[in-house]
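**Q** Sequence lines, in order, name chains A and B.
In terms of our numbering, the first sequence opens at residue 1 and continues consecutively.
In terms of our numbering, the second sequence opens at residue 1001 and continues consecutively.
Even glycine gets a Cβ: it sits at the ideal position worked out from N, Cα and C.
I am attaching a structure below and will ask some questions about it afterwards.
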Amino acid sequence: MSARRLAVEARVNGDPVEFLCDPEQTLLEALRDELGLTGTKEGCGTGDCGACSVLLDGALVCSCLVLAAEAEGREVRTVEGLAPRENGGDRSLGVLQRKFLEHAALQCGICTPGFLVAADALLARNADPSESEVRYGISGNLCRCTGYDKIVRAVLDAAVELRRAKAGGGA
Amino acid sequence: MSEPSEPRAFKWVGQRIVRPDGADKVTGRAAFGADRRLPGMLHGRVLRSPHAHARILRIDASAARALPGVKAVVVGADLPLPRRESGGGGESPVDYRDLAENVLARDKVLYVGHAVAAVAATSARTAEQALRRIAVAYEPLPPVLDLERGLDPDAPVLHDHLFTHGVEPRPTRPSNVAKRTLLERGDVEAGFAAADAVVEGEFRTETVHQGYIEPHAAVAEPAQDGHLTVWCCTQGPFMVRAHVAKLLGLPIGHVKVIPSEIGGGFGGKTTVYVEPIAAALAQRAGRPVRLVMSREDVFRASGPAPASRIRLRVGARRDGRIVAVDASLAYEAGAFPGSPVEAGAMCLLAPYDVEAFRIEALDVCVNKAKTTAYRAPGAPMAAFAAESLLDELAAKLGLDPLELRLRNAAKKDTRAAYGPRYREIGFLETLEAARAHPHWSAPLGANEGRGVACGFWFNGGQSSSASVALNEDGTLSLVAGTPDIGGSRASLALMCAEELDVDPARIRPVIADTETAGYSDMTGGSRVTFATGMAVIEATRALVRQLRERAAKLLDVPVDEVVWKEGAAQPAGGTGRILALEELARDALRTGGPLVGQASLTARGVGPAFATHLVDVSVDPDTGKVDVVRYTAIQDAGKAIHPSYVEGQMQGGVVQGIGWALNEEYVFDAKGQLANPGFLDYRMPVALDVPMIDTVIVEVPNPRHPHGVRGVGEVPIVPPIAAIANAIHAATGLRLRHAPFSPPRVLEALLTRTSGLARAAR
């Protein structure tokens, strides 16, 4: 009686993946339940908290509001893909991840994956955001622990370091 | 026990190290409540009451049981009914009968969202289909939906067995008022007679939710021998163990609880909801069961913090000294007794030295979800009333509001209204820091106003265990049983490092399950850094003693001649052989055995927390919208073990308080349906709503903690509602006594005043 499951092919964090999903299943559910990528969190299931934020072809989306089948042929980036992997065995963290830790920008950590993905998207389109622009860029994400102060500082500091790295790389 | 701490220089304590669990939390590796997957795991779903108050006549689950894929169904009557006894230990003992009936309703449902039945099936979709096949026959009863109705002796009664405690003679009729408590001292009437100024008012707050981002979640796994393992996000794994064992009729030793990482709690994860249900389903199905609350369920059936009504009258002499207080506090308990109204009554005057007072506290049952602790439970509402009236008093007497507070401030040896005499406390220091802060004298813009308010929290002691094991290479494993909700692994590692005098990077702190860690009470009440910290310090000192003994044995000298310095056993006289930690670790198995320090204790010597907050708001005269434009939180931490996480607690508490003050409230219809059970309509602050939150950490060490710790998490939520109310008054002249101060309420107050002025002008 249940509808046929759909076969989906996509790229997740650079790797090709295939999975089966129900037609009504969300991308969030597919990531967590079919692919075992539980770093992306569900806080509400209605697109209000941003804990499930991922990049879909580079665009910031709430994965609870995207159907899994919509990922067909597309590139998904999750928190698990934020650390640089170019060096293979290198276990270093990305700049945003490191700045979140240095600034103590997390307490419980449940919202952190979503904030990192949202901040990553923000810095990709605005390398030099003002405090207000950072606050706007992460206003789709709820954090109940930090009061946002240290998150905003971490993102601003990451932007400085990324700009410096870019300038240094270009010189 | 702990020895009095002297002002000491710390080497590691006070350093802003990267938290030991940090990498896992920024890479998605940290496993939270809903992240566990087990082979053969079933999906659980809960059927919830559509009525606020109804009798359950029948439950027929036969059609659900017959559905292919359904492996278990459970209703309240399937579980043993515990005796009406208090248990669970800790600061908030529970009545197990009430707890059982809250987890799964029996004869009556008492709020919309009250769990009635649960299903476990091979897929979530099947479980949802099964819920729709459970037929429940209800006889709806008139609901009791607010404090006024709850206090009305003619209102319907939620519990026929409930006769108001604390009233003489014992009432003859059952009541929704579960308990009346009175705090009284001195001659209140004489105090008011001697007062030069008297202010009074009635203050109200609405139901709010803790708002943790992670919904409650549990995975229960049965074993063939009757044992159960429960994985869940909780502030208290030992609490969950005790409650699941009691509700399922199992010996405590048959239940193992593994605390996952916890995605916020703020008091809301200090009881059980899904854990016993998942366990009961797993027992029946013989397979693991995962049960995760939806966000709607979280809003409807977990938390919340109570709505309140406080009537308060304060009298003072011309010089500002408070001479009399008369107060009555009524808090909604929700469906079962147990609001934090007594704590509210105890906190009401705690920052001040008051000789004559009478404070009545009423715990009132209503047809809403049973309230649960929320950060400094009961205190923010009390501070809203008290600190608003202190501002009015200051205005009446022509005193600066900080000066009025300074003249009444509690200090060492002041007897608190709730009983004890204070030892060293840092309240005056926070007030003086506020007066000296540039914020206090900064210029204000148009439509802006500045408010100040203070707050108190007891902080918590209770029981904790810890062990510190020396590994073969000189690294260390630190085991504790109190979930890390906001960076406590870092502070525990720092305290351990301080005692051992080694780099904290060598120490791996682990939050262990209930079969691995020694008994520990919950993470809550601002007790972990204080009490678990004390256990960690004692466990580390025990390890250091063993290390000195081992070194003495190897060197063939009396143990008194070996001191522990810079992570090594050193000769007390200064000359002789030094044995480094690494050497002692490497040889431990050959020189006498493994080296492990352990400590389990019930911590004494809790040092209370005081805070003073300054806030500037801007009030839009056309829309009534209030914006916080500047905020400074000042607090005595005793000793800030990891200053960043102390600041983080202060900032987070302030922003929760801003939400409570300006926006957050449950909206119910006439039938008790919650109209806003989601984050879109229950609007918590986002980053755009708030400014940077400046912090000032004052350190007046708690002399009864070896590192001077008090506890910091709770008190920052206490002053904001009052501070913002006072700032709105400064900006507009309006005295708002009903929180939240949302645009409609503020605009109405502005318009009422305008039309009043217009009438007066005619």
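I want to see whether chain B comes within less than 9 Å of residue 75(A), judged by CB atoms only; does it?
**A** No, residue 75(A) lies away from the interface with chain B (no Cβ there is under 9 Å from its Cβ).
**Q** Counting only Cβ-Cβ distances shorter than 7 Å, please list the residues of the stretch 1283-1301 of chain B near chain A, keeping chain order.
**A** Listed by position along the chain: 1294, 1295.
**Q** From the beta carbon of residue 143(A), is the nearest beta carbon of chain E less than 9 Å away?
**A** Checking the listed chains, one finds no chain E in this structure; the protein chains it contains are A and B.
**Q** Using a beta-carbon distance below 9 Å, is residue 1215(B) in contact with chain A?
**A** True, the Cβ-Cβ gap to chain A drops below 9 Å.
**Q** According to DSSP, simplified to helix, strand and coil, what is residue 1712(B)?
**A** Residue state, collapsed to three classes: coil.
**Q** Distance cutoff 9 Å, beta carbons only. Does residue 113(A) sit that close to anything in chain B?
**A** Yes - at least one Cβ of chain B is within 9 Å of the one on residue 113(A).
**Q** Could you name the residues that DSSP lists as bridge partners for residue 1456(B)?
**A** Bridge partners of residue 1456(B): 1610(B).
**Q** To the nearest angstrom, how far is the alpha carbon of residue 1289(B) from that of residue 17(A)?
**A** C-alpha separation (whole angstroms): 28 Å.
**Q** Reducing DSSP to helix, strand and coil, say where residue 1299(B) ends up.
**A** In the structure shown, residue 1299(B) sits in a helix (DSSP, three-state: H, G or I).
**Q** Let me see if you follow: with CB-CB separation under 9 Å, is residue 19(A) close to chain B or not?
**A** No, because no Cβ of chain B sits closer than 9 Å to the Cβ of residue 19(A).
**Q** Can you tell which of 1154(B), 1106(B), 1123(B), 1519(B) has its C-alpha closest to the C-alpha of residue 1137(B)?
**A** The residue with the shortest Cα to Cα distance from residue 1137(B) is 1106(B).
**Q** How about residue 1134(B) and residue 1063(B): are their beta carbons less than 9 Å apart?
**A** Yes, they are a contact pair.
**Q** Roughly how many angstroms lie between the CA atoms of residue 64(A) and residue 40(A), to the nearest whole one?
**A** For residue 64(A) and residue 40(A), the distance between alpha carbons rounds to 10 Å.
**Q** If the cut is a Cβ gap below 9 Å, which residues of chain B does residue 185(A) touch?
**A** Outside the displayed range of chain A (1 to 171) lies residue 185(A), so it cannot be described from this structure.
**Q** Taking the alpha-carbon positions, what's the residue 1207(B) to residue 1381(B) distance?
**A** So the alpha carbons of these two residues sit roughly 11 Å apart.
**Q** Between residue 1647(B) and chain A, is the shortest Cβ-Cβ distance under 9 Å, so that the two count as touching?
**A** It does; some Cβ of chain A falls within 9 Å.
**Q** Can you tell which of 1514(B), 1482(B), 1121(B) has the C-alpha that lies nearest to the C-alpha of residue 1255(B)?
**A** Nearest C-alpha to residue 1255(B): 1514(B).
**Q** If you measure from the beta carbon of residue 1504(B) to each beta carbon in chain A, is any gap under 9 Å?
**A** No, its Cβ sits nowhere closer than 9 Å to a Cβ of chain A.
**Q** Please report the residue range of the beta strand (DSSP E) in which residue 1045(B) lies.
**A** Its beta strand (DSSP E) spans residues 1042-1048.
**Q** Mind pulling the chain B residues with CB within less than 9 Å of residue 41(A)?
**A** Per Cβ cutoff of 9 Å: 1028, 1032, 1034, 1035, 1213, 1214, 1263.
**Q** Distance, Cα to Cα, residue 1499(B) vs residue 26(A)?
**A** So the alpha carbons of these two residues sit roughly 50 Å apart.
**Q** Quick check: what's the CA-CA separation for residue 1094(B) versus residue 1755(B)?
**A** If you take the alpha carbons of residue 1094(B) and residue 1755(B), they lie about 51 Å apart.
**Q** Taking the C-alpha atoms as reference points, what is the distance between residue 93(A) and residue 84(A)?
**A** For residue 93(A) and residue 84(A), the distance between alpha carbons rounds to 7 Å.
**Q** Report buried or exposed for residue 1140(B), applying the criterion of at least 16 other Cβ atoms within 10 angstroms of its Cβ.
**A** Exposed, since its Cβ has fewer than 16 Cβ neighbours within 10 Å.
**Q** Beta-carbon of residue 1692(B) versus every beta-carbon of chain A: anything under 9 Å?
**A** Taking Cβ atoms only, chain A reaches closer than 9 Å to residue 1692(B), which makes this a yes.
**Q** Residues in the same chain with beta-carbon distance under 7 Å from residue 1010(B), minus the five sequence neighbours each way, listed in chain order, please.
**A** Same-chain partners within the cutoff: 1498.
**Q** Establish whether the CB of residue 14(A) and some CB of chain B are separated by less than 9 Å.
**A** Not one chain B Cβ lies under 9 Å of residue 14(A).
**Q** Could you work out which residues of chain B lie near residue 52(A), taking near to mean beta carbons separated by less than 7 Å?
**A** Simply none; closest approach about 11 Å.
**Q** Please look up how many angstroms separate the CB atoms of residue 1478(B) and residue 1508(B), rounded, as I've assumed it's under 8 Å.
**A** Their Cβ separation, rounded to whole angstroms, is 7 Å, which keeps residue 1478(B) and residue 1508(B) in contact under 8 Å.
**Q** Closest Cβ-Cβ distance between residue 1789(B) and chain A: below 9 Å?
**A** Residue 1789(B) is absent from the model: chain B starts at 1001 and stops at 1762.
**Q** Residues in the stretch 145-160 of chain A with C-beta within 9 Å of chain B's C-beta atoms, listed in sequence order?
**A** Against chain B - using a Cβ distance shorter than 9 Å - the residues of the stretch 145-160 of chain A are 145, 146, 147, 148, 149, 150, 151, 152, 153.
**Q** Flag residue 1685(B) as yes if its beta-carbon sits less than 9 Å from any beta-carbon of chain A, otherwise no.
**A** With 9 Å as the cut-off, residue 1685(B) counts as an interface residue toward chain A.
**Q** Grouping DSSP H, G and I as helix and E and B as strand, with all else coil, what is residue 166(A)?
**A** Of the three classes helix, strand and coil, the one that applies to residue 166(A) here is helix, per DSSP.
**Q** Helix, strand or coil for residue 1765(B)? Go by DSSP, reduced to three states.
**A** The requested residue 1765(B) does not occur in the structure, where chain B is confined to residues 1001 to 1762.
**Q** Taking Cβ-Cβ distances shorter than 8 Å, what residues in chain B pair up with residue 79(A)?
**A** Simply 1026, 1027, 1028.
**Q** Since residue 958(B) is in the alpha helix (DSSP H), which residue starts that stretch and which ends it?
**A** Here chain B comprises residues numbered 1001 to 1762, so residue 958(B) is not present and cannot be evaluated.
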